[in-house]
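Numbered by my numbering, the letters in the sequence shown go through residues 255 to 339 in order.
No residue lacks a Cβ here, since even glycine has one placed at the ideal position from N, Cα and C.
One structure is given below, encoded as structure tokens.
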Amino acid sequence: MSYSLEFRPAALKELKKLPRDVSDQLHEVFELLKQNPRPPGCLKMKGSSGHWRIRSGKYRVIYDILDSLLIVLIVDVGHRKDIYN
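As structure tokens, this is what we get:
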């Protein structure tokens, strides 16, 4: 069972600002999330409304999982020093 990806507009905007090598690295993470939205290394964020996060080097992807619709919604993408603000 494969999930589809959807992006919030703000996440797409941040993704487009990233360097090409980082963007390619994150696309590998997105492919992983399509196959398994809860891969090893992902964590459910505390104090949020169901957000999950996964690390990719110095960058983080914050996402929601909509199991009933088989959708992974990418909420935010960014450098670890900026993503949690």
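Check, Outcome
"Helix, strand or coil at ARG309 according to DSSP, with G and I counted as helix", "strand"
"Per-residue burial, GLY304 [other beta carbons within 10 Å of its own, 16 or more giving buried]", "exposed"
"Any non-hydrogen atom of the ligand ADP within 6 Å of LEU266 CB", "Ligands are entirely absent from the displayed structure, and the ligand ADP is therefore not among its contents."
"Residue closest to HIS333, alpha-carbon to alpha-carbon, out of VAL276, GLN289, LEU287", "VAL276"
"As assigned by DSSP and simplified to three states, the class of LYS267", "helix"
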